[in-house]
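**Student:** I have a structure I would like to understand better, so I am pasting it below and will then ask my questions one at a time.
2 protein chains.
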Amino acid sequence: MSSIRERNKELILRAASEEFAEKGFAATKTSDIAARAGLPKPNVYYYFKSKENLYREVLESIVEPLLEASAPFNQPGHPADVLRAYIRTKIRISRDHACASKVFASEIMHGAPHLSPERTAQLNAQAAHNIACIQRWIDQGLMTRIDPHHLLFSIWAATQTYADFDWQISTVTGKAQLDDADYDAAAETIIRLVLKGCEITEPAAPSA
Amino acid sequence: MSSIRERNKELILRAASEEFAEKGFAATKTSDIAARAGLPKPNVYYYFKSKENLYREVLESIVEPLLEASAPFNQPGHPADVLRAYIRTKIRISRDHACASKVFASEIMHGAPHLSPERTAQLNAQAAHNIACIQRWIDQGLMTRIDPHHLLFSIWAATQTYADFDWQISTVTGKAQLDDADYDAAAETIIRLVLKGCEITEPAAPSA
DNA sequence: GTCTATAAGCCGATAGAC
DNA sequence: GTCTATCGGCTTATAGAC
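Structure follows, in structure tokens:
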């Protein structure tokens with residue numbers, strides 16, 4: 001029964017996410033990760049071999065959710081529905097994977113030195129696909145002519161900011177922690193800016 | 001004549017901005033800053049006393065521009081004009097102070113441990129003022145009912161992303177460096193999302 | 001004011017007992 | 001598999017010659 005192994009790995013991963021998110025890779029001490037996990041430091045090395053390895057696992061844990069967030073773009077749908085679903089999912093990631101999101105953001109900010117070329121390529125391919133999809137909508141007259149790159153950058157930035165800059169959000173709103181209603185309001189605000197800003201009309205109601 | 005002093009301090013500050021922006025505070029070595037500045041390491045300590053002190057000066061250098069960006073909110077004006085000017089200035093900061101912007105972003109992401117309480121208070125007061133201003137516009141019927149906090153967060157995020165996540169921008173657009181036209185396009189895209197998204201009509205043309 | 005050469009301490013990583 | 005006790009390298013910071 002290796003459930004102790006599973007449990008400890010999970011404890012360390014969670015503690016590492018929190019520490020890396022709070023202080024960044026270089027400023028995080030493995031002894032702090034161990035302390036937060038409630039385990040002695042050598043266990044961290046026993047399970048993960050090195051600090052960098054542990055960091056890469058945290059990073060890896062957020063890539064799949066990020067790629068899956070683009071699912072709405074991968075099947076046919078009206079721009080209003082696709083973008084609404086995409087924005088809601090991105091906000092949900094900021095809420096549910098706040099620490100890993102922040103670690104990912106910090107990684108990107110510093111030029112993604114720990115992200116594998118495969119992962120970079122995957123993320124890029126998905127981005128290119130989403131951009132092409134938006135361009136098609138424009139060509140079909142479903143939305144106003146707007147640069148798809150900049151539109152996507154704005155959506156990424158606006159949704160990720162709730163994880164990345166949570167300190168700023170807390171300070172300005174005066175709430176230590178956003179609740180579900182706040183995240184909903186954030187999503188609806190961004191959806192409004194995007195749909196109205198791109199002059200996207202609602203799809204015709206299904207006749208069924 | 002202390003112009004050597006001024007010149008060296010300037011060289012070190014610039015090198016430090018670049019190094020801190022690239023790698024973050026903890027991962028940056030003072031020897032690398034010295035090397036980039038083309039000076040021996042002890043000069044860094046001679047002029048700035050400590051690595052942390054140098055970092056705080058870099059951080060400080062971006063606060064004034066950030067506060068000044070809100071100038072349009074501090075005088076009466078039509079929402080369309082104020083927001084347009086604000087967004088253009090924020091984008092200009094991302095372009096002209098790219099390194100310091102990134103250092104600031106990284107600092108905020110990790111809970112602003114090096115930012116003085118005075119600076120935090122100033123930035124907060126300005127944010128509160130801007131939010132109140134937007135709320136007034138809503139009450140006056142000049143724009144749609146939208147949560148001013150979330151609107152401001154989206155504007156901050158969308159404009160700062162060009163400095164903070166330049167690696168991502170470069171990777172997705174395939175351009176190593178954005179040119180003036182790209183920054184203009186970015187600003188106009190964000191302006192469009194905000195003005196149309198908030199249903200802000202243009203001010204009546206001046207009768208003169 | 002400038003720089004070489006060095007001290008002091010911290011932290012990632014591990015040897016080896018249990 | 002687990003943890004105590006320790007090493008070794010790296011980096012901040014400075015002493016002291018020029």
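Protein chains in written order, with the UniProt record's numbering: chain A, 1 to 208; chain B, 1 to 208. Just so it is clear, CB atoms sit at the ideal spot from N, CA and C, and this is done for glycine as well. Keep in mind the model is a prediction, meaning the values are calculated, not measured.
Are the beta-carbon atoms belonging to residue 244(A) and residue 65(A) less than 7 Å from one another?
**Tutor:** Because chain A here runs from 1 to 208, residue 244(A) falls outside it and cannot be looked at.
**Student:** The alpha helix (DSSP H) spanning residue 109(B) covers which residue range?
**Tutor:** As a position in the second sequence, residue 109(B) is number 109, starting the count at 1. Unbroken alpha helix (DSSP H) run through residue 109(B): 98-109.
**Student:** Just how far apart, CA to CA, sit residue 117(A) and residue 129(A)?
**Tutor:** Along the first sequence, one-based indexing puts residue 117(A) at 117. Along the first sequence, one-based indexing puts residue 129(A) at 129. Computed Cα separation, rounded: 18 Å.
**Student:** Listing by chain order, which chain B residues have their CB less than 7 Å from the CB of residue 110(A)?
**Tutor:** What you label residue 110(A) is simply residue 110 of the first sequence in a count that begins at 1. Ordered by position in chain B, the residues that pass the 7 Å Cβ test against residue 110(A) are 22, 23, 24.
**Student:** So, under 8 Å CB-CB, residue 79(B) and residue 137(B) are touching, yes? Tell me the CB distance rounded to an integer number of Å.
**Tutor:** Taking the first residue of the second sequence as position 1, residue 79(B) is located at position 79. Taking the first residue of the second sequence as position 1, residue 137(B) is located at position 137. Residue 79(B) to residue 137(B), Cβ: 5 Å. Contact.
**Student:** On the three-pair Cβ rule with 8 Å, is the region 42-49 of chain B touching the region 10-19 of chain B?
**Tutor:** These segments touch.
**Student:** If you follow the alpha helix (DSSP H) that residue 48(A) is in, where does it begin and where does it stop?
**Tutor:** Residue 48(A) sits at position 48 when you count from the first residue of the first sequence. Run containing residue 48(A): 41-48, per the alpha helix (DSSP H) assignment.
**Student:** Please list, in chain order, the residues of the region 176-192 of chain B that have any C-beta partner in chain A closer than 8 Å.
**Tutor:** Taking 8 Å as the Cβ-Cβ cut-off against chain A, the residues of the region 176-192 of chain B that qualify are 185, 186, 189, 190, 192.
**Student:** Measure the C-alpha to C-alpha separation of residue 27(B) and residue 27(A) and round it to an integer number of angstroms.
**Tutor:** Locating residue 27(B) in the second sequence gives position 27, counting from the first residue. Locating residue 27(A) in the first sequence gives position 27, counting from the first residue. Roughly 7 Å between the two C-alpha positions.
**Student:** List the residues of chain A that residue 146(B) touches, going by C-beta distances under 7 Å, in chain order.
**Tutor:** To locate residue 146(B), count along the second sequence from 1; it is residue 146. Those within 7 Å of residue 146(B) in chain A are 189, 192.
**Student:** Using beta-carbon positions only, say whether residue 261(B) and residue 90(B) come within less than 7 Å of one another.
**Tutor:** Examination of residue 261(B) is not possible in this model, given that chain B is present from 1 through 208 alone.
**Student:** Give a yes or no on whether 7 Å exceeds the smallest Cβ distance from residue 173(B) to chain A.
**Tutor:** Along the second sequence, one-based indexing puts residue 173(B) at 173. Closer than 7 Å to some Cβ of chain A, the Cβ of residue 173(B) qualifies, so yes.
**Student:** Taking only beta carbons into account, state which residues of the region 115-139 of chain B come closer than 8 Å to chain A, listed in chain order.
**Tutor:** Under the 8 Å Cβ criterion, the region 115-139 of chain B contributes 120, 124, 127, 128, 131.
**Student:** May I ask you to report which of helix, strand or coil DSSP gives residue 34(A)?
**Tutor:** Your numbering for residue 34(A) matches position 34 in the first sequence. Three-state result, residue 34(A): helix.
**Student:** Measuring CB to CB, does residue 157(B) end up less than 7 Å from residue 105(A)?
**Tutor:** Stepping through the second sequence from its first residue, residue 157(B) is reached at position 157. Stepping through the first sequence from its first residue, residue 105(A) is reached at position 105. In this structure, residue 105(A) does not lie closer than 7 Å to residue 157(B) by Cβ.
**Student:** Under a Cβ-count criterion, where at least 16 other Cβ atoms within 10 Å of its own Cβ denotes burial, should residue 148(B) be classed as buried or exposed?
**Tutor:** Along the second sequence, one-based indexing puts residue 148(B) at 148. Buried: at least 16 other Cβ atoms inside 10 Å.
**Student:** Would you say residue 164(B) faces chain A, with C-beta separation under 7 Å as the test?
**Tutor:** Here residue 164(B) is taken as the residue at index 164 of the second sequence, counted from 1. Judged by the 7 Å Cβ criterion, residue 164(B) is in contact with chain A.
**Student:** Taking only beta carbons into account, state which residues of the region 37-65 of chain A come closer than 9 Å to chain B, listed in chain order.
**Tutor:** Residues passing the 9 Å Cβ filter: none.
**Student:** Report the option in 75(B), 69(B), 176(B) whose CA atom is closest to the CA atom of residue 87(B).
**Tutor:** On the second sequence, residue 87(B) is found 87 positions in, with the first residue counted as 1. Closest option to residue 87(B), Cα to Cα, is 69(B).
**Student:** Is residue 94(A) helix, strand or coil when you go by DSSP?
**Tutor:** By one-based count along the first sequence, residue 94(A) stands at place 94. Note: residue 94(A) maps to helix in three-state DSSP.
**Student:** In chain B, which residues lie with their C-beta within 8 Å of the C-beta of residue 161(A)?
**Tutor:** Along the first sequence, read from residue 1 onward, the residue named residue 161(A) stands at position 161. Ordered by position in chain B, the residues that pass the 8 Å Cβ test against residue 161(A) are 153, 154, 156, 157.
**Student:** Do you know whose CA, among 187(A), 199(A), 36(A), lies nearest residue 146(A)'s CA?
**Tutor:** Locating residue 146(A) in the first sequence gives position 146, counting from the first residue. Comparing Cα-Cα distances from residue 146(A) to each of 187(A), 199(A), 36(A), the minimum goes to 199(A).
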